[in-house]
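Data first, discussion second: the structure below is written as structure tokens.
Numbering (the working numbering), first residue to last: 24 to 168.
Right, here's the structure in full:
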């Protein structure tokens, strides 16, 4: 079996919800943290799909944002096809971004209802020039559907 395309190890994200320093100093009170993600580990084998499912507030959106580089982890490792993504200040390299996609939960906010499914699937292939030829793109879309 080949190496996983994505490996997540010890992923953590802590949000600081504390009042500003001067407010804490004058009004008292300590720092407040929320541990949104605490020690998540999983591999994703090549050729598979990941769905994040869980109760409201369990950290699904935070994990997705961490994987996509929309927010930085407090600790842990995210390796995509051998490249470490966690902690890269400049964000993910374009070559990595074009190979990952997040599909949002609300289809009305993220999908154009006037487009057919084939066009929605084919649009990233056209935008990122992975299949610039319309005939080849259509064949790939048909294969995926």
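For glycine and all other residues, C-beta sits at the position ideal for the given N, C-alpha and C.
Since the model is a prediction, treat every value here as computed from it, not as a measurement.
Pair within 7 Å by beta-carbon distance, residue i and residue j
{"i": "residue 103", "j": "residue 29", "result": "yes"}
{"i": "residue 41", "j": "residue 54", "result": "yes"}
{"i": "residue 85", "j": "residue 59", "result": "yes"}
{"i": "residue 143", "j": "residue 164", "result": "no"}
{"i": "residue 69", "j": "residue 25", "result": "yes"}
Local Cβ density within 10 Å of residue i, reported as buried at 16 or more and exposed below that
{"i": "residue 125", "result": "exposed"}
{"i": "residue 109", "result": "buried"}
{"i": "residue 34", "result": "buried"}
{"i": "residue 134", "result": "exposed"}
{"i": "residue 48", "result": "exposed"}
Cβ shell of residue i (< 8 Å), same chain only, five flanking positions each side left out
{"i": "residue 140", "result": "168"}
{"i": "residue 64", "result": "31, 32, 33, 34"}
{"i": "residue 154", "result": "145, 148, 160, 163"}
Best match in the options for proximity to residue i [C-alpha to C-alpha]
{"i": "residue 80", "options": "57, 64, 71", "result": "57"}
{"i": "residue 123", "options": "166, 46, 138, 87", "result": "87"}
Chain-order list of residues whose beta-carbon lies under 6 Å from that of residue i (same chain, five-residue window excluded)
{"i": "residue 91", "result": "125"}
**Unbroken stretches of the alpha helix (DSSP H), 4 residues or longer, contained in the segment 37 to 101** = Inside the segment 37 to 101, DSSP marks whole alpha helix (DSSP H) runs of 4 or more residues at positions 44 to 50, 83 to 91, from first to last along the chain.
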